[in-house]
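*Asks:*
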Amino acid sequence: MASSGSFSGSIHSGHYVLRVDWTQTKNISANTSTVTAKAYLVNDWSLSIYGRSDNSITINGTAQIYESPAVNGTGTHLLGTVTQTVNHNSDGTKSLTMSAVFYIRATLSGTYYESITASANITLDSIARASSVSTPNATMGSATAIAISRASSSFTHTLTYTFGTAAGTIATKTTSTSVSWTPPLSLASQIPKAVTGTCTVTCTTYNGSTKIGSKTCTLTLTVPASIKPTITSLTAARVDGAVPGTWGIYVQTKSKATLTINGAAGSYGSTISSYSITGGGYTSTASSFTTGFLNTSGTVTFTATVTDSRGRVSAAATVSISVVAYSPPSFASYLSQRCLSNGTVNDDGTYIRGLVSYSYASCSSKNTITRATYYKKASDTAWTNANAAFSSGTAFTFGGGNISTETSYDIKYTLTDAFTTIAIQDIVSTAAVVMDFKRGGKGVAVGKVSEKDNTFEVAEDWDVRVYGKLLKDYIQSFIKTLYPVGSIYMSVNATNPSAYFGGTWVAWGAGRVPVGINTADGNFNTVEKTGGAATVTLTTAQMPAHTHTFTGSSATTSSKGAHTHNVGRDGDGASGSSTYTVHSAGVSGAGGTSPTNSAGAHTHTLTAKGTNANTGGGGAHSNLQPYIVCYMWKRTA
1 MASSGSFSGS IHSGHYVLRV DWTQTKNISA NTSTVTAKAY LVNDWSLSIY
51 GRSDNSITIN GTAQIYESPA VNGTGTHLLG TVTQTVNHNS DGTKSLTMSA
101 VFYIRATLSG TYYESITASA NITLDSIARA SSVSTPNATM GSATAIAISR
151 ASSSFTHTLT YTFGTAAGTI ATKTTSTSVS WTPPLSLASQ IPKAVTGTCT
201 VTCTTYNGST KIGSKTCTLT LTVPASIKPT ITSLTAARVD GAVPGTWGIY
251 VQTKSKATLT INGAAGSYGS TISSYSITGG GYTSTASSFT TGFLNTSGTV
301 TFTATVTDSR GRVSAAATVS ISVVAYSPPS FASYLSQRCL SNGTVNDDGT
351 YIRGLVSYSY ASCSSKNTIT RATYYKKASD TAWTNANAAF SSGTAFTFGG
401 GNISTETSYD IKYTLTDAFT TIAIQDIVST AAVVMDFKRG GKGVAVGKVS
451 EKDNTFEVAE DWDVRVYGKL LKDYIQSFIK TLYPVGSIYM SVNATNPSAY
501 FGGTWVAWGA GRVPVGINTA DGNFNTVEKT GGAATVTLTT AQMPAHTHTF
551 TGSSATTSSK GAHTHNVGRD GDGASGSSTY TVHSAGVSGA GGTSPTNSAG
601 AHTHTLTAKG TNANTGGGGA HSNLQPYIVC YMWKRTA
């Protein structure tokens, strides 16, 4: 490309040269160039000719005649000048052919020359058209700069954008080469399942009111992190179960809670794709679920989030509930002794003195405890209600003086609260004697009256030593070996095992199923690690692979489309079979039209396709294995 140049042609061994010098003047707004061409005769051998009037210069296919002056001598002689305006292509480029003829009509060294010619293919400088545009990637709601590279300071530009089906104007006929633009947040609605999308910016260039052209650029728009799903609230509702509704409280191991996510909504076109609720040792992927029994007391906090179709997670919503501590009633200690009517301990007493210590959960003063005392002869099966109320740690008497000194008695104490009853039994021996032989001589007792045949009995408050050690120490040692600290005891009886084995025992594993340790499995590699959930909602990835059957259909349309065409004819009246040709003739005859044979009848086969409708509610399902409930205790000391 060039805005000026020259080309030439010659005769007579180059002593006579036709040279054409040309220049280009651009008109940007008109997308044209004015090309000026000057023809010169350059000769170093002398020449003397008259002027010529039929010379020509052809520019872009258009010839222009010029008249040359007389030439005398040697040197460089201007023959003529022509000017022509040429149109550039729409992109501003232009290539053309230029040629020139000079009619010299001279005999040189005995040779006649009619003319000298010269020609060349020329590429003009391009005329800048539409300005280019560029911009970096941007975040919706934040400003970005659009750069315009223009060819002329007189150009103005209109900037527009498209993003999905959305479109808008950024600037109208601006003279600035840098335009600030804040992509609106509303564009996020165009990509409800993605966080980025491609935006196209179009720059339309004007020269005054004349449109020069348009160019585009693309940028990636990102949905800002602030655009994410929302939750109005997470609420908790009591599921009382065995807890009296009038209490109005959550009770440990007795109450459940129903958690509900309220007002979950996507943002700028997104939809909710999943839910999460955690807390209290439970996890759910449903928008509402009911926990198992609440196993911890105090403040229990549940946290909920939702995830939308962009994969964005909402801010957490929380709700806290207060769970009142509960454990079944338990006996700390108990003692039953013969006594006098005033409660004085006496081995020959006909009353029984009871001293019981116990504990129970008051559940914020909602729970009450009922205590009862029963007794019977050791040989009887029916119990007698002593109708004796007692308080923890306070001695009381019962039996009404009817406790025989010759019979041992079974004593039973019970504790009943709103949820359970526990009982513990004791024995009151006969009256104290050093040794007694049963009537008939078949039984013997030490420290008490003999009551059973073929039996050696020892009074409850007497010690038995074996090899210098107390027998009870042997028994306690055996129990410690059988149930060391860390042992688990399972029973359908609510009585704390400390009443049987001593030591300290705490309720353990409420609402959970024990499983053996497996150090090779991260789920089961730590003692007393907890996990699992009572309910679970399957994700798409967790669903079994399956297909859906869709019953399609096909049909055939009726036959349609048969048709004919008329063909013009003429005739000459001769007999014989008719043969028709289409022609134009200057003779008269039997003209007219005749139809072609019927053809073109056809049918179409249609195949219907469709999509099965969704089904299913997406709720959680029970994840519980077959189970049976019992009391479990752990020895801690």
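To convert, note that position 554 of the sequence shown is 554 in the UniProt record's numbering; the numbers rise steadily by one, no gaps. Every residue, glycine too, gets a C-beta built ideally from N, C-alpha and C. None of the values given here were measured: they were computed from a predicted structure.
1) Under 8 Å by Cβ, that's how I've got Pro104 and Ser115 pegged, so tell me the actual separation to the nearest angstrom.
2) If I measure Cβ to Cβ from Asn31 and keep anything under 6 Å in the same chain, skipping five residues before and after, which residues do I get?
3) Give me whichever residues DSSP pairs with Gln24 in a beta bridge.
4) Per DSSP, Ile488 forms a beta bridge with which residues?
5) Asp348: buried (16+ other C-beta within 10 angstroms of its C-beta) or exposed?
6) How long is the line joining the alpha carbons of Thr34 and Thr23, rounded to whole angstroms?
7) Where do the N-terminal and C-terminal ends of the alpha helix (DSSP H) with Ser498 fall, by residue?
8) Grouping DSSP H, G and I as helix and E and B as strand, with all else coil, what is Lys469?
9) Closest by CA to Ile49, which one among Tyr16, Thr81, Ile59?
10) If the criterion is Cβ atoms closer than 7 Å, does the pair Gly73 and Ala39 meet it?
11) Please state the DSSP three-state secondary structure of Lys452.
12) Hey, quick one: how far does the beta strand (DSSP E) through Cys363 stretch, first residue to last?
13) Roughly how far, in whole angstroms, is the beta-carbon of Pro497 from the beta-carbon of Trp508, given that I think they are within contact range, below 8 Å?
14) Gln425 by DSSP, collapsed to three states: which one?
15) Report yes if the C-beta distance between Ser29 and Gly51 is below 7 Å; otherwise report no.
16) Give the DSSP bridge partners of Trp505, in chain order.
17) Please check the pair Lys173 and Tyr206, which I expect to be a contact at CB under 8 Å, by giving their CB distance rounded to whole angstroms.
18) Please determine if the segment 298-311 and the segment 274-287 are in contact, where contact requires at least 3 C-beta pairs separated by less than 8 Å.
19) Should residue 698 go down as buried or exposed, given a rule of 16 or more other Cβ atoms within 10 Å for buried?
20) Which first and last residues belong to the beta strand (DSSP E) in which Tyr103 is found?
21) Based on the DSSP secondary-structure assignment, which residues constitute the bridge partners of Trp181?
22) Rounded to whole angstroms, what is the Cα-Cα separation between Phe102 and Val82?
23) What three-state label does DSSP hand Thr481 in the structure shown?
24) Output the boundary residues of the beta strand (DSSP E) element that contains Arg371.
25) Starting from Asp396, trace the beta strand (DSSP E) in both directions and tell me its first and last residue.
26) Could you give the residue range of the beta strand (DSSP E) that holds Val86?
27) Using CA coordinates, which residue listed in Ile261, Thr160, Ser364, Ser408 is at the minimum distance from Ala378?
28) Given Gly393, which residues of its chain have a CB within under 6 Å of its CB, disregarding the five upstream and five downstream residues?
29) Between the segment 322-329 and the segment 245-259, do three or more beta carbon pairs fall short of 8 Å?
30) Out of Ala423, Asp417, Gly401, Ala418, which has the shortest C-alpha to C-alpha gap to Ile411?
31) Cα separation between Lys634 and Pro329?
32) Answer yes if the segment 394-407 comes into contact with the segment 369-378, meaning at least three C-beta pairs across the two stretches below 8 Å, and no otherwise.
33) For His157, count neighbouring Cβ atoms within 10 angstroms of its own Cβ and tell me buried if that reaches 16, exposed if not.
34) According to the neighbour-count rule (16 or more other Cβ atoms, all chains shown, within 10 Å of its Cβ), is Gly298 buried or exposed?
35) Would the beta-carbon of residue 685 fall within 7 Å of that of Glu406?
*Replies:* Based on what the coordinates show:
1) The sequence given here has Ile at residue 104, not Pro. The C-beta separation of Ile104 from Ser115 comes to about 6 Å, placing the pair in contact by the 8 Å criterion.
2) His88, Ile127.
3) Val35
4) Beta-bridge pairing links Ile488 to Lys634.
5) exposed
6) 8 Å
7) 498-501
8) strand
9) Tyr16
10) no
11) Correct three-state label for Lys452: coil.
12) From DSSP, Cys363 is part of no beta strand (DSSP E); its letter is neither H nor E.
13) The Cβ separation is near 11 Å, so there is no contact.
14) Strand, per DSSP.
15) Contact flag unset, no.
16) Under the DSSP definition of a beta bridge, Trp505 partners with Arg635.
17) 6 Å
18) When Cβ pairs closer than 8 Å are counted between the two stretches, the segment 298-311 is seen to touch the segment 274-287, the count reaching three or more.
19) Shown here, the chain extends from 1 to 637; a query on residue 698 therefore has no answer.
20) Premise fails: Tyr103 is in no beta strand (DSSP E) and is neither H nor E.
21) Thr144
22) 13 Å
23) helix
24) 370-377
25) Inspection of the sequence shows that residue 396 is occupied by Phe rather than by Asp. Segment 396-398, the beta strand (DSSP E) holding Phe396.
26) 71-87
27) Ser408
28) For Gly393, where only same-chain residues beyond five positions count, the Cβ hits under 6 Å are Ser357.
29) Flag = yes, the segment 322-329 and the segment 245-259 touch.
30) Closest option to Ile411, Cα to Cα, is Ala423.
31) Distance from the CA atom of Lys634 to the CA atom of Pro329, rounded to whole angstroms, is 16 Å.
32) yes
33) buried
34) exposed
35) Residue 685 lies beyond the range of the chain shown here (1 to 637); nothing can be said about it.
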